[in-house]
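Colleague:
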Amino acid sequence: AQSVTQPDIHITVSEGASLELRCNYSYGATPYLFWYVQSPGQGLQLLLKYFSGDTLVQGIKGFEAEFKRSQSSFNLRKPSVHWSDAAEYFCAVAPMDSSYKLIFGSGTRLLVRP
Amino acid sequence: DVKVTQSSRYLVKRTGEKVFLECVQDMDHENMFWYRQDPGLGLRLIYFSYDVKMKEKGDIPEGYSVSREKKERFSLILESASTNQTSMYLCAAKGEGMGNQPQHFGDGTRLSIL
Numbered sequence: 013a014q015s016v017t018q019p020d021i022h023i024t025v026s027e028g029a030s031l032e033l034r035c036n037y038s039y040g041a042t043p044y045l046f047w048y049v050q051s052p053g054q055g056l057q058l059l060l061k062y063f064s065g066d067t068l069v070q071g072i073k074g075f076e077a078e079f080k081r082s083q084s085s086f087n088l089r090k091p092s093v094h095w096s097d098a099a100e101y102f103c104a105v106a107p108m109d110s111s112y113k114l115i116f117g118s119g120t121r122l123l124v125r126p
Numbered sequence: 002d003v004k005v006t007q008s009s010r011y012l013v014k015r016t017g018e019k020v021f022l023e024c025v026q027d028m029d030h031e032n033m034f035w036y037r038q039d040p041g042l043g044l045r046l047i048y049f050s051y052d053v054k055m056k057e058k059g060d061i062p063e064g065y066s067v068s069r070e071k072k073e074r075f076s077l078i079l080e081s082a083s084t085n086q087t088s089m090y091l092c093a094a095k096g097e098g099m100g101n102q103p104q105h106f107g108d109g110t111r112l113s114i115l
């Protein structure tokens with residue numbers, strides 16, 4: 013079955029430190045890949061997406077993600093975290109053979125230490 | 002940018018009531034979705050609609066129905082609310098095309114059933 017795994021439920025980093033959030037997917041072919049962020053009490057905002065081509069994609073708010081086919085991973089990174097980045101982050105995959113389905117991971121909550 | 006508006010941010014209802022959650026999008030998108038979000042479970046798809054008056058069940062449709070009489074509006078209906086339907090509900094809209102079109106989310110409705 014198709015699935016998305018975010019192995020870290022919580023991550024705490026200090027402000028200014030680098031960040032990497034992990035995402036692994038299980039799917040027969042390369043799906044479309046997304047990262048969303050959810051601030052407290054808000055809906056989900058799209059950070060970035062990967063469809064094909066360059067495996068390093070840039071998103072909003074200084075985030076980037078790298079697609080690694082051999083590891084079925086799509087990890088999110090940021091070189092220097094700001095206090096306003098504290099939120100919950102969701103990885104999602106959309107199978108290439110479906111117009112509708114979007115499968116979400118269970119999310120990683122990021123806490124930022126001053 | 003796509004604007005997805007959910008009519009209520011917070012809603013409190015009683016067991017057995019019929020509850021309507023409303024969602025409106027302003028970008029003429031064909032596809033609209035209803036999810037519920039629970040801690041540790043990520044987002045789970047309840048129903049989606051790919052055109053006016055067309056609907057498909059998602060992964061957890063039991064206890065819910067939907068209505069799409071106009072392209073811009075997608076309503077989620079709890080026919081007889083129960084306490085286990087207390088949750089955050091998120092509406093999303095997506096343009097035509099395969100999975101490479103991202104879904105755009107509203108701010109959510111936090112529903113409490115007493």
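One line per chain: the protein sequences are A and B, in this order. Heads up, the first sequence is in my numbering, so the first residue is 13 and it goes up one at a time. Heads up, the second sequence is in my numbering, so the first residue is 2 and it goes up one at a time. Where is the CB? At the ideal position from N, CA and C, for every residue including glycine.
1) Going straight from the alpha carbon of threonine 84/B to that of serine 68/B, what length do you get?
2) If you draw a straight line from the C-alpha of glutamate 18/B to the C-alpha of arginine 125/A, how long is it?
3) Check the Cβ of glycine 64/B against every Cβ in chain A and list those closer than 7 Å, keeping chain order.
4) Check whether the Cβ atoms of tyrosine 44/A and asparagine 101/B lie closer than 8 Å to each other.
5) With a 10 Å radius around its C-beta and 16 neighbouring C-beta atoms as the bar for buried, classify valine 13/B as buried or exposed.
6) Please confirm whether leucine 44/B and leucine 112/B have their CB atoms less than 8 Å apart.
7) Which ranges does the beta strand (DSSP E) cover as unbroken runs of at least 3 residues, wholly within the segment 46-95 of chain A, from first to last along the chain?
8) Could you tell me the distance, in whole angstroms, from the CA atom of isoleucine 21/A to the CA atom of isoleucine 114/B?
9) Using a Cβ cut-off of 7 Å, pull out every chain A residue sitting near glycine 107/B, in sequence order please.
10) Near phenylalanine 63/A, what residues of its chain come up, given a Cβ to Cβ distance below 6 Å and the 5 sequence neighbours on each side ignored?
Modeller: On the basis of the data shown:
1) 22 Å
2) 44 Å
3) Ordered by position in chain A, no residue passes the 7 Å Cβ test against glycine 64/B, which lies about 21 Å from the chain.
4) yes
5) exposed
6) no
7) 56-62, 68-70, 76-80 and 85-90
8) 27 Å
9) Gly55
10) Tyr44
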